[in-house]
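Below is one structure, written out as structure tokens; the observations come after it.
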């Protein structure tokens, strides 16, 4: 049986087995549904300005047994193209993004997950069909291990594909955490990617934190990345200097690197990013963020700089209004741009209003050199929404306009229905 | 054959480790609860408002500042379980899902507070950001499946 089919069958069976004995109660099952209907125009290979009406459904299931030991989580999306055109490579499409059983053991804070899952652990940032576990080993170590078939490499079949790895961490609360991680990916029975990672987090005196991550490419036998940051808290200020180093030949070198990254893996380039961010949480719920970074190239012998400023007024919940300005000073004029953004998510509306929130986004960009004959772009989005049935159902509507190098006077509309069942 | 043996050996090692962990009589250190013990108020959490810095993690690094979305990568590599206390996988999959048709900003058009990437003219601007620092593109589009969105132009 193909693994793709197995994942679908496994997900359905796992949920069925959990529900079938009659364990189900309303508080244990959570179903989330995000349905949307969009309307816009796009050029296709045969028609100009062809109308598209895609319908999307994102469905999530989360089931937890009464003793909270065993759970099932599933999530996926599907798309129906309601118009007759060839814009999409496949008219109707979909994907299961997650479908796993999770068991938490009473002892040693151990848990296991079986099925399709997304992993972020040290050098791993991968989706796999397989098994993973996490456990505490004594008072100062914990470990995670995983193995299975990588979902990202399914395009050329899954025979001979595997992913295996883990992370072990040693920590002392209030002082440090040190992690060592490993990942090996094989595609069609040949080594595709093998990395060793080292991560660290230090809790230093005077409210100073330090953390970061290095990865060593075991196939090219050289360092791929070093990324480290410091965090200093001083009153209402939070300062975050950071440093990143990348070696292209080792960072992009996976044999399955797609274009355009495959070409970069043979350039010998080294990239150094150094910068800092300052956040100020001021009076009256204002937040100000300033960011500056320098991006330096070893072989190109030049550098780019990005500077941005952001001011947000936060109110209750997520109600906020903000403005942002960003300047990219590239190594050549074709890499320059100036970006301005103003955004609103407003919930403080009079009760007589027919909606509970309004949202708006305005993005203006000017380019250092024309892109397809255009020197600037404009994007405007207006939205509104309202909840029903004690916030179990939310209806949202948005209307967008954009004029940029790719789309000239482009309008689009979208209607979204979000439904949650069983959330307490 | 050798690959299969290593895979089976890995699973065996995993099982033995699990048995050891379950049988361990030692006291356990701090592990992250499956959900945040106290219900958080809606809005952006500023973790250091409540947590002191004598715990396992440096809570100020988790403060959801205006640009936290841009900077959470290193924390997720190290403390995925801390993220899982509040976020289910579907929240992460909006951006990190291995194959998602819609851009995060297309799926969540009205969520202007979420600072979703690739908003507005980004199709045009990615030409510049990609030339300036392609490592940031590679993290999400660096495998054949997540690069399907790149393929129509980049081959």
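Residue numbers (my numbering), protein chains in the order written: chain A, 1 to 424; chain B, 1001 to 1155.
Note that the Cβ used here is the ideal one computed from N, Cα and C, for glycine as well.
Grab the span of the alpha helix (DSSP H) containing residue i for me, first residue to last.
| i | result |
| --- | --- |
| residue 1058(B) | Looking at the DSSP string, residue 1058(B) is not in any alpha helix (DSSP H), and its letter there is neither H nor E. |
| residue 1154(B) | 1151 to 1154 |
| residue 1074(B) | 1073 to 1078 |
| residue 250(A) | 248 to 251 |
Can you list, in chain order, the residues of its chain whose CB lies under 8 Å from that of residue i, leaving out five sequence neighbours each side?
| i | result |
| --- | --- |
| residue 356(A) | 347, 349, 385, 386, 387 |
| residue 260(A) | none |
| residue 140(A) | 170, 171, 172 |
| residue 299(A) | 267, 268, 269, 270 |
State the start and end residues of the unbroken beta strand (DSSP E) segment that holds residue i.
| i | result |
| --- | --- |
| residue 411(A) | 410 to 421 |
| residue 213(A) | 208 to 217 |
| residue 136(A) | 124 to 137 |
| residue 81(A) | 70 to 81 |
| residue 120(A) | 111 to 121 |
| residue 199(A) | 190 to 204 |
| residue 235(A) | Careful: residue 235(A) lies outside any beta strand (DSSP E) and carries neither H nor E. |
| residue 350(A) | Segment: none, residue 350(A) is in no beta strand (DSSP E) and carries neither H nor E. |
| residue 320(A) | 320 to 329 |
| residue 32(A) | 29 to 42 |
| residue 51(A) | 50 to 52 |
| residue 359(A) | 357 to 371 |
For residue i, verify whether its CB is less than 7 Å away from any heavy atom of the ligand SAH.
| i | result |
| --- | --- |
| residue 76(A) | Of the ligands one can find in the structure shown there are none, so the ligand SAH has no counterpart to examine. |
Quick one: list the residues of chain B neighbouring residue i, beta-carbon separation under 7 Å, in chain order.
| i | result |
| --- | --- |
| residue 404(A) | 1121, 1124 |
| residue 379(A) | 1120, 1121 |
| residue 75(A) | 1089, 1090, 1093 |
| residue 359(A) | 1110, 1112 |
| residue 99(A) | Chain B residues near residue 99(A): none, gap ~10 Å exceeds 7 Å. |
| residue 304(A) | 1132 |
Can you give me the Cβ contacts of residue i inside the same chain, cut-off strictly under 6 Å, excluding the 5 residues immediately before and after it?
| i | result |
| --- | --- |
| residue 75(A) | 60, 97, 98 |
| residue 57(A) | 35, 78 |
| residue 1023(B) | Its pLDDT being 49, under 50, residue 1023(B) is placed unreliably by the model, and nothing is read from it. |
| residue 228(A) | 212, 243 |
| residue 241(A) | 230, 276 |
| residue 1021(B) | For residue 1021(B), the predicted structure reports a pLDDT of 49, less than 50, and the residue's modelled location is therefore unreliable. A value from the coordinates is still provided. If we look at residue 1021(B) and ignore the five residues flanking it on each side, it has no Cβ neighbours. |
| residue 167(A) | 121, 122, 144, 179, 181 |
| residue 1027(B) | Interpretation of residue 1027(B) is limited by its pLDDT of 48, a score under 50 that renders its predicted location unreliable; no figure is taken from the coordinates. |
| residue 142(A) | 136, 169 |
| residue 1025(B) | With a pLDDT of 43 at residue 1025(B), under the threshold of 50, the modelled position of this residue cannot be trusted; read the value that follows with caution. Contacts found: none. |
| residue 312(A) | 287, 320, 322 |
| residue 1149(B) | none |
| residue 306(A) | 293, 328 |
| residue 1001(B) | Confidence is the limiting factor: at residue 1001(B) the pLDDT is only 46, short of 50, which leaves the residue's position unreliable and the question unanswerable from this model. |
| residue 1(A) | In this predicted model, residue 1(A) has a pLDDT of only 46, less than 50, meaning its place in the structure is not dependable enough to derive any value. |
In chain order, what residues of the same chain have a beta carbon less than 7 Å from the beta carbon of residue i, not counting five sequence neighbours either side?
| i | result |
| --- | --- |
| residue 254(A) | 192, 193 |
| residue 425(A) | With chain A covering 1 to 424 only, the question about residue 425(A) has no answer from this structure. |
| residue 264(A) | 248, 252 |
| residue 1048(B) | 1059, 1060, 1063 |
| residue 412(A) | 38, 39, 40, 400 |
| residue 1137(B) | 1130 |
| residue 69(A) | 103, 104 |
| residue 42(A) | 50, 52, 87 |
| residue 151(A) | 116, 127, 128, 129 |
| residue 282(A) | 236, 288 |
In chain A, what lies closer than 7 Å to residue i by C-beta?
| i | result |
| --- | --- |
| residue 1038(B) | Residues of chain A passing the Cβ test: none, with the nearest at roughly 15 Å. |
| residue 1113(B) | 318, 320, 345 |
| residue 1144(B) | 152, 153, 155, 256, 258 |
| residue 1147(B) | 258 |
| residue 1134(B) | 261, 264 |
| residue 1042(B) | 317, 318 |
Residue i versus chain A: which residues are under 8 Å apart at the beta carbon?
| i | result |
| --- | --- |
| residue 1116(B) | Here the premise fails: no neighbours, minimum Cβ distance about 10 Å. |
| residue 1150(B) | 258, 259, 260 |
Just the chain B side, please: which residues come within less than 9 Å of residue i by C-beta, in chain order?
| i | result |
| --- | --- |
| residue 310(A) | 1066, 1067 |
Whose Cβ in chain B lies nearer than 8 Å to the Cβ of residue i?
| i | result |
| --- | --- |
| residue 238(A) | 1060, 1063, 1065 |
| residue 231(A) | 1058, 1060, 1061 |
| residue 93(A) | 1101 |
| residue 251(A) | 1135, 1138 |
Starting from the beta carbon of residue i, find every residue of chain A whose beta carbon is closer than 9 Å, and list them in chain order.
| i | result |
| --- | --- |
| residue 1082(B) | Near residue 1082(B) there are no residues of chain A at all, since even the closest Cβ is about 11 Å away, more than 9 Å. |
Problem - Near-chain B residues of the region 165 to 176 of chain A (beta-carbon distance less than 7 Å), N- to C-terminal order - result: 171, 173, 174
Problem - chain B contacts from the region 253 to 273 of chain A (Cβ-Cβ distance under 8 Å) - result: 254, 256, 257, 258, 259, 260, 261, 264, 271, 273
Practice task
Output the residue ranges of the alpha helix (DSSP H) runs that lie fully inside the region 260 to 314 of chain A and measure 4 residues or longer, sorted by chain position.
Solution key: 261 to 264
Exercise for the section: Can you give me, in chain order, the residues of the region 46 to 58 of chain A that have a beta carbon less than 9 Å from any beta carbon in chain B? Expected result: 54, 56, 58
Practice task
Return the residues of the region 327 to 347 of chain A that lie within a Cβ-Cβ distance of less than 9 Å from chain B, sorted by chain order.
Solution key: 328, 330, 331, 332, 334, 335, 336, 337, 339, 341, 343, 344, 345
Handout entry: Every unbroken alpha helix (DSSP H) inside the region 1092 to 1138 of chain B [4 residues or more]
Key = 1104 to 1107, 1122 to 1132
Handout entry: beta strand (DSSP E) runs contained entirely in the region 379 to 405 of chain A, provided each spans 3 or more residues
Key = 393 to 403
Problem - Where the region 283 to 296 of chain A meets chain B: residues whose CB sits under 8 Å from a CB there - result: 287, 289, 291, 295
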